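These protein sequences, in sequence, are chains A, B and C. Residues in the first sequence are numbered consecutively from 78, following our numbering. Residues in the second sequence are numbered consecutively from 34, following our numbering. Residues in the third sequence are numbered consecutively from 2, following our numbering. Ideal placement from N, C-alpha and C gives every residue a C-beta, glycine not left out. Nothing here was measured: the structure is a model prediction, and the numbers come from that model.
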Amino acid sequence: MNFKKLLTRPEFGAFVAAVGIFVFFAAVAGEGFLSISGTINYLEVAAQVGILAVSVSLLMIAGEFDLSVGSMIGASGMIIALAVTQFDWPLWLAIIVAFLFSLVVGYVNGWLVIKTRLPSFIITLASMFLLRGLTIGFTLLITNVTRASGLGTYTEGDFLAPLFLGRPLGLPISIWWWIGLSLILGWMLFRTPFGNWVFAAGGDALAARNVGVPVARVKISLFMLTAASATLLAIIQVLDTGSADVLRGEQKELEAIASAVIGGCLLSGGYGSVYGAAIGALILGMVQEGIVFTRISTDWFRAVLGGMLLAAVLLNNYLRHRALRSR
Amino acid sequence: MDPIIKLEGISKQFGKVNALEDISFQLFPGEVHCLLGDNGAGKSTLIKILSGVHRPSRGEFLFEGKPVHLDSPRQALDMGIATVFQDLAMLSLMSITRNFFLGREPKKRLGPVQLFDATYAARITEEELRKIGIKIRDADQPVGTLSGGERQAVAIARAVYFGAKVLILDEPTSALGVKEAAVVLKYIVQSKLKGIGVIFITHNVHHAWAVGDTFTVLNRGRSYGTFKREETHRENLLQMMAGGEELDELAVELDLISKRDPGQAGEIEHRMAKELE
Amino acid sequence: MLKLTSLRIAAALALSVLAVPIPAIAQKKPHIIVVTHGQVSDSFWVVVKNGVQLAAKETGANVEYRAPEKFDMVALSQLIDAAVASKPDGLIVSIPDADALGKSIKAAVAAKIPVISINSGSDVSKKLGCLLHIGQEEELAGKKAGERMQAEGVKKAVVINQEVGNVALDLRAKGFSEGLGTPAEVLAVTMDFTQSRDAVSAYLQKNPDVQGILALGPAGAEPALQALQNAGLAGKVKFGTFDLSPTVLQAIAKKEMDFAIDQQQFLQGYLPVIIMDNYIEYGLLPANDTVLTGPGFVTPDNAAQVINLSKKGIR
Numbered sequence: 078m079n080f081k082k083l084l085t086r087p088e089f090g091a092f093v094a095a096v097g098i099f100v101f102f103a104a105v106a107g108e109g110f111l112s113i114s115g116t117i118n119y120l121e122v123a124a125q126v127g128i129l130a131v132s133v134s135l136l137m138i139a140g141e142f143d144l145s146v147g148s149m150i151g152a153s154g155m156i157i158a159l160a161v162t163q164f165d166w167p168l169w170l171a172i173i174v175a176f177l178f179s180l181v182v183g184y185v186n187g188w189l190v191i192k193t194r195l196p197s198f199i200i201t202l203a204s205m206f207l208l209r210g211l212t213i214g215f216t217l218l219i220t221n222v223t224r225a226s227g228l229g230t231y232t233e234g235d236f237l238a239p240l241f242l243g244r245p246l247g248l249p250i251s252i253w254w255w256i257g258l259s260l261i262l263g264w265m266l267f268r269t270p271f272g273n274w275v276f277a278a279g280g281d282a283l284a285a286r287n288v289g290v291p292v293a294r295v296k297i298s299l300f301m302l303t304a305a306s307a308t309l310l311a312i313i314q315v316l317d318t319g320s321a322d323v324l325r326g327e328q329k330e331l332e333a334i335a336s337a338v339i340g341g342c343l344l345s346g347g348y349g350s351v352y353g354a355a356i357g358a359l360i361l362g363m364v365q366e367g368i369v370f371t372r373i374s375t376d377w378f379r380a381v382l383g384g385m386l387l388a389a390v391l392l393n394n395y396l397r398h399r400a401l402r403s404r
Numbered sequence: 034m035d036p037i038i039k040l041e042g043i044s045k046q047f048g049k050v051n052a053l054e055d056i057s058f059q060l061f062p063g064e065v066h067c068l069l070g071d072n073g074a075g076k077s078t079l080i081k082i083l084s085g086v087h088r089p090s091r092g093e094f095l096f097e098g099k100p101v102h103l104d105s106p107r108q109a110l111d112m113g114i115a116t117v118f119q120d121l122a123m124l125s126l127m128s129i130t131r132n133f134f135l136g137r138e139p140k141k142r143l144g145p146v147q148l149f150d151a152t153y154a155a156r157i158t159e160e161e162l163r164k165i166g167i168k169i170r171d172a173d174q175p176v177g178t179l180s181g182g183e184r185q186a187v188a189i190a191r192a193v194y195f196g197a198k199v200l201i202l203d204e205p206t207s208a209l210g211v212k213e214a215a216v217v218l219k220y221i222v223q224s225k226l227k228g229i230g231v232i233f234i235t236h237n238v239h240h241a242w243a244v245g246d247t248f249t250v251l252n253r254g255r256s257y258g259t260f261k262r263e264e265t266h267r268e269n270l271l272q273m274m275a276g277g278e279e280l281d282e283l284a285v286e287l288d289l290i291s292k293r294d295p296g297q298a299g300e301i302e303h304r305m306a307k308e309l310e
Numbered sequence: 002m003l004k005l006t007s008l009r010i011a012a013a014l015a016l017s018v019l020a021v022p023i024p025a026i027a028q029k030k031p032h033i034i035v036v037t038h039g040q041v042s043d044s045f046w047v048v049v050k051n052g053v054q055l056a057a058k059e060t061g062a063n064v065e066y067r068a069p070e071k072f073d074m075v076a077l078s079q080l081i082d083a084a085v086a087s088k089p090d091g092l093i094v095s096i097p098d099a100d101a102l103g104k105s106i107k108a109a110v111a112a113k114i115p116v117i118s119i120n121s122g123s124d125v126s127k128k129l130g131c132l133l134h135i136g137q138e139e140e141l142a143g144k145k146a147g148e149r150m151q152a153e154g155v156k157k158a159v160v161i162n163q164e165v166g167n168v169a170l171d172l173r174a175k176g177f178s179e180g181l182g183t184p185a186e187v188l189a190v191t192m193d194f195t196q197s198r199d200a201v202s203a204y205l206q207k208n209p210d211v212q213g214i215l216a217l218g219p220a221g222a223e224p225a226l227q228a229l230q231n232a233g234l235a236g237k238v239k240f241g242t243f244d245l246s247p248t249v250l251q252a253i254a255k256k257e258m259d260f261a262i263d264q265q266q267f268l269q270g271y272l273p274v275i276i277m278d279n280y281i282e283y284g285l286l287p288a289n290d291t292v293l294t295g296p297g298f299v300t301p302d303n304a305a306q307v308i309n310l311s312k313k314g315i316r
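Written as structure tokens, this is what we have:
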């Protein structure tokens, strides 16, 4: 009976797909794929998408989209890099300011969606362009080039840096953040009243409001969460590469949404799983780097990703219908 | 006994449209008061006023003897007026337990954080549903796996559990088959016996007659009056609802159809036509 | 000058092959991975890839060519990490951003994988532990271009950068200003033809006194050419570019452009594979830190010959 319950969980489809893909790459490209450095390689790629995907999936379950996360990565990364290299700010201050900036933008996104009742798809599409454009414009204004580099010297010894840089126990810090966030957000979704409200807001916002669920507050805080996680990723990338450029993060929002959908989230909201999104990100990472190990041209990555997305959605659809059938 | 709800001279306008004109209405605890009327009669507007979705344009709304001005459905709910709308406010992808306790989740502390006490919630849900005769294998199964009638039952059980003093049911049987409708009617009676005042909105006279103690008929925003069971017949109610002449025409039509169709359906229609004559 | 360099290399290789007796053992084919930042839409890199493929065929080595879909340093460093994890016999990379890629390249060196850098990163190649760099010294090439324009009397010039963030291009621009004697403004454009053309048109309108234009690649030169034609200025402004394409060569033949700097990127794909293969199999390595494949100037005098080869994807 317990097994039947497992079958109906939203993550089941993604889990099966992940195992299948792992077996495939292990068989076809074992040498590189199964080595320690190969594993860390695809886990790191997965972690970077995953940090975004888990927050984005929460928002999707609540029935909304945030297309601006990719632009936020570029914007907050640039804020930090410019503050440190051009204005001599200490790194920890730049990090805090970048987070505050993202929380404000997230709040505005959410507030606009609630107030105007326009689809969040449209509102965040607009903020996606706005953010990216402002990033490019301001960066060129201040520095006349579109990237800021050389952060390495400024960040040595800063007390916040170890939180976002390095390889504790040999695993890149992004992986730790990814796993940590997945566990915390997943637990929040399934084990707290707030999580129940997230499901309700996505399933039927009006009905939820009528029963007293603070739908507006729930959605706005989730928009703030997605923006903050974009900034988290930006910080990790900036410290890792020692530089920021205005185009960082482009199209990451689509990868995050794809991970969430592969993980079982419905585009219409009301159903899904944070753990599923984490598995979806793992799948993306495995495929993106796994292809390299198989010696198929990387040009095919997009095609494979698209095919997988379709297959995952069909599988999840089928499993969900079986779960909803009258027992 | 004093009425738990009293409406006097309630009117509602939407722009130039008069949805309700001068409606007076009383509901007593432990009573099933049926609100009848054809589509467009104004029934839904009236319950929206009762449940806090709309404010009346004119008139007095008294709850337990005191005048109230409801600003939100949540307010009505907190006061004890539970409304089960046609769409049920049941989220089919969520489990029965989560639906049951939505907005009123039981909590247990874990350090600084509040957890959703899922085990307690599931236990209560199973108990309450058992009390009204629904046996579910698993309170965590999605609400979508329940039939329409069972979902109605869950909605009613939820309202009763959270201490509703007034239960407003908006067309609960309209989308159900005969057997399922009978089950829902049974729960209505059970609720009434618990001392809850039930407002049962329907356009099906037969269902209303099966459980109702009092009947108010609306037609195009106005009330034809309130009648106790002893004071009227089912046929009278039907006549008022449909407006007399139209129903006679309908009876003739049905008669013609039944004569053309030799099958079972024709027979039933013929019988109905005879009864309505 | 370039002919001499390639001749030198060919001679060195030829001599070394003759001097060392080749053991007649059937060896496992060397596995070489090439990772570059070359965007698919950039015709420049197609030539490099052709060079790689020809050398792969000639040496019989197992060569893979990989690049991220767009100019993305994070993705590139991850590709390099993946390449290192595949444990190839040799790694060939371009280094458009030493900060972002340094860690990955040092990891390759630490894993005892021989690394050759090409195209970008001539200034950091040795420091990061690469065997040698094959390409063009960007700042030097830029300087020569600047000197050339200065000799023609240009005082005010603009540089068109189509891939901002690529340090190699920044060096070209820097060298150009040096050689020119006066600092040249940098106009940033993208790989999008229409957007770049419009950006250049707008610039020309606002700066009617500009005397020279230097594009840092055909992706910037071709839209700029159209912008000049639309403004009726083709041939009236001194116009040169780095790197070749059929459109650029035809413009030179028609005297609408004055010169193109050929870094012979075919050799940047061809030579590293040849050298890496010889290093893996026999331990042979040229003694230079940098093998220069440019700058060579293509002018209206020699454009015709080059045009044919450009159509074949060799120049």
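Practice problem: Show which residues of chain A have a CB atom less than 8 Å away from the CB atom of C:R173. | Solution: Reading the third sequence from its first residue, position 172 is the one you call residue 173 of chain C. From the beta-carbon of C:R173, no residue of chain A is found nearer than 8 Å; the closest lies around 14 Å away.
Quiz item: Comparing the C-beta of A:E332 with each C-beta of chain C, is any distance below 8 Å?
Solution: Locating residue 332 of chain A in the first sequence gives position 255, where the first residue counts as 1. So, not an interface residue.
Self-check item: Inter-stretch contact (C-beta, 8 Å, three-pair minimum) for the stretch 264 to 284 of chain C and the stretch 207 to 217 of chain C
Solution: no
Quiz prompt | Whole-angstrom distance between C:A225 and C:V190, CA atom to CA atom | solution = Translated into the one-based positions of the third sequence, residue 190 of chain C becomes position 189. Translated into the one-based positions of the third sequence, residue 225 of chain C becomes position 224. Distance between the alpha carbons of C:V190 and C:A225 is about 10 Å.
Quiz item: In chain order, what residues of the same chain lie with their CB nearer than 6 Å to the CB of B:Y257, ignoring the 5 residues before and after it?
Solution: Mapped onto the second sequence, residue 257 of chain B falls at position 224. Excluding positions up to five away in sequence, the list reads V250 and M273.
Practice problem: Under the assumption that C:P317 contacts C:I308 (Cβ atoms under 8 Å), give the Cβ distance between them as a whole number of angstroms. | Solution: The question about residue 317 of chain C has no answer here: the residues shown for chain C are numbered 2 through 316.
Quiz item: Using a C-beta cutoff of 8 Å, does A:V288 count as contacting chain B?
Solution: In the first sequence, counting from the first residue as 1, residue 288 of chain A sits at position 211. Closer than 8 Å: yes.
Self-check item: N- and C-terminal bounds of the alpha helix (DSSP H) containing C:Q306
Solution: As a working mapping, residue 306 of chain C is identified with position 305 in the third sequence. Run containing C:Q306: A304 to K312, per the alpha helix (DSSP H) assignment.
Practice problem: Compute the distance between the beta-carbons of A:L262 and A:S350, then report whether it is under 8 Å. | Solution: Residue numbering aside, residue 262 of chain A sits at position 185 when the first sequence is read from its first letter. Residue numbering aside, residue 350 of chain A sits at position 273 when the first sequence is read from its first letter. A:L262 places its beta carbon 8 Å or farther from that of A:S350.
Practice problem: Quick one: give me the first and last residue of the alpha helix (DSSP H) that C:G103 is part of. | Solution: Counted from its first residue, the third sequence places residue 103 of chain C at position 102. Start and end: A99 to A111.
Self-check item: Spatial neighbours of A:G90 in its chain, beta-carbon cut-off 7 Å, leaving aside the 5 residues before and after
Solution: As a first step, residue 90 of chain A is located in the first sequence; it is residue number 13 there, counting from the start. Around A:G90: G341, A389, L392, N393 and L396.
Exercise. Taking B:D203 as the reference, give the member of B:D246, B:M127, B:S84 and B:L135 with the closest Cα.
Key: Translated into the one-based positions of the second sequence, residue 203 of chain B becomes position 170. When only C-alpha atoms are compared, the closest one is B:S84.
Quiz item: Near C:E257, what residues of its chain come up, given a Cβ to Cβ distance below 8 Å and the 5 sequence neighbours on each side ignored?
Solution: Taking the third sequence and counting its residues from 1, one reaches residue 257 of chain C at position 256. Cβ neighbours of C:E257 beyond the five flanking positions: L226, L229, Q230, A235, G236 and F240.
Quiz item: Across which residues does DSSP place A:Y352 in a beta bridge pair?
Solution: On the first sequence, position 275 is the one that residue 352 of chain A refers to. None, per the DSSP bridge assignment.
Quiz item: Starting from B:R184 and walking both ways along the alpha helix (DSSP H), at which residues does that stretch end?
Solution: Start at 1 with the first residue of the second sequence, and residue 184 of chain B comes out as number 151. That run of the alpha helix (DSSP H) goes G181 to Y194.
Quiz prompt | CA-to-CA distance, C:L250 to C:Q306, given in whole angstroms | solution = Translated into the one-based positions of the third sequence, residue 306 of chain C becomes position 305. Translated into the one-based positions of the third sequence, residue 250 of chain C becomes position 249. Spanning the two alpha carbons is a distance of roughly 10 Å.
Exercise. Step through the CB atoms of chain A and report whether any lies within less than 8 Å of the CB of B:L110.
Key: The count along the second sequence starts at 1 and reaches residue 110 of chain B at position 77. With 8 Å as the cut-off, B:L110 counts as an interface residue toward chain A.
Self-check item: Reference C:A169, options C:G143, C:L188, C:G154 and C:G180, closest by Cα
Solution: Translated into the one-based positions of the third sequence, residue 169 of chain C becomes position 168. Nearest option by C-alpha distance: C:G143.
Quiz item: Does DSSP put A:R372 in a helix, a strand or coil?
Solution: In the first sequence, residue 372 of chain A corresponds to position 295, counting from 1. Residue state, collapsed to three classes: coil.
Quiz item: In its own chain, which residues sit with a C-beta less than 7 Å from the C-beta of A:F178, not counting the 5 before and 5 after it?
Solution: Locating residue 178 of chain A in the first sequence gives position 101, counting from the first residue. Closer than 7 Å at Cβ, skipping near neighbours: S153 and I156.
Exercise. Tell me, please, whether the stretch 322 to 331 of chain A touches the stretch 211 to 226 of chain A by the rule of three or more beta-carbon pairs shorter than 8 Å.
Key: Counting Cβ pairs under 8 Å, three or more are found: they touch.
Quiz item: How would you call A:E88, buried or exposed, if buried means at least 16 neighbouring beta carbons within 10 angstroms?
Solution: By 1-based counting over the first sequence, the position of residue 88 of chain A is 11. The residue is buried, with at least 16 neighbouring Cβ atoms inside 10 Å.
Quiz prompt | Identified DSSP bridge partners for C:E186 | solution = As a working mapping, residue 186 of chain C is identified with position 185 in the third sequence. DSSP lists C:V159 as partners of C:E186.
Quiz item: How big is the Cα-Cα spacing for C:I26 and C:E282?
Solution: Your numbering for residue 26 of chain C matches position 25 in the third sequence. Your numbering for residue 282 of chain C matches position 281 in the third sequence. Annotation note: pLDDT 40 at C:I26 (below 50); position unreliable, no value reported.
Quiz item: Helix or strand or just coil, what does DSSP make of C:Q206?
Solution: The sequence position of residue 206 of chain C within the third sequence is 205, counting from 1. Three-state result, C:Q206: helix.
Exercise. Return the residues of the stretch 134 to 151 of chain B that lie within a Cβ-Cβ distance of less than 8 Å from chain A, sorted by chain order.
Key: F134, L135, G136, R137, E138, K140, V146, Q147, L148, F149 and A151
Quiz item: Quick one: what's B:Q46 bridged to in DSSP?
Solution: Along the second sequence, read from residue 1 onward, the residue named residue 46 of chain B stands at position 13. In the DSSP output, where bridge partners are listed per residue, B:Q46 has B:N51.
Quiz prompt | Short CB-CB distance (under 8 Å) between A:T223 and chain E | solution = Going by chain labels, chain E is absent from the structure shown, which instead holds the protein chains A, B and C.
Quiz prompt | Range covered by the beta strand (DSSP E) that runs through B:N252 | solution = Translated into the one-based positions of the second sequence, residue 252 of chain B becomes position 219. Where B:N252 is concerned, the enclosing beta strand (DSSP E) stretches over T247 to N252.
Exercise. Return the first residue and the last residue of the beta strand (DSSP E) that C:H32 is part of.
Key: Against the third sequence, residue 32 of chain C aligns to sequence position 31. It spans H32 to V36 - the beta strand (DSSP E) in which C:H32 sits, taken as one unbroken run.
Quiz item: First and last residue of the alpha helix (DSSP H) that includes C:N120?
Solution: If you number the third sequence from 1, residue 120 of chain C lands on position 119. Segment: none, C:N120 is in no alpha helix (DSSP H) and carries neither H nor E.
Exercise. Give a yes or no on whether the minimum CB-CB distance between C:V53 and chain A is below 8 Å.
Key: Along the third sequence, one-based indexing puts residue 53 of chain C at 52. Not an interface residue.
Quiz item: Between the beta-carbon of C:N167 and the beta-carbon of C:Q269, is there less than 8 Å?
Solution: Stepping through the third sequence from its first residue, residue 167 of chain C is reached at position 166. Stepping through the third sequence from its first residue, residue 269 of chain C is reached at position 268. Result no, Cβ atoms of C:N167 and C:Q269 do not sit closer than 8 Å.
Practice problem: Look at the alpha carbon of B:E160 and the alpha carbon of B:T130, and state the distance between them as a whole number of angstroms. | Solution: Within the second sequence, the letter at position 127 stands for residue 160 of chain B. Within the second sequence, the letter at position 97 stands for residue 130 of chain B. Answer to the nearest angstrom: the Cα atoms are 11 Å apart.
Quiz prompt | Same chain, Cβ closer than 7 Å to C:A57, five either side skipped, listed in chain order | solution = Residue 57 of chain C sits at position 56 when you count from the first residue of the third sequence. If we look at C:A57 and ignore the five residues flanking it on each side, its Cβ neighbours are V64 and V274.
Quiz item: If we cut at 8 Å on Cβ distances, does B:I273 have a partner in chain A?
Solution: Here residue 273 of chain B refers to the residue found at position 240 of the second sequence. The identity of residue 273 of chain B in the sequence shown is Met, whereas the question assumes Ile. No, because no Cβ of chain A sits closer than 8 Å to the Cβ of B:M273.
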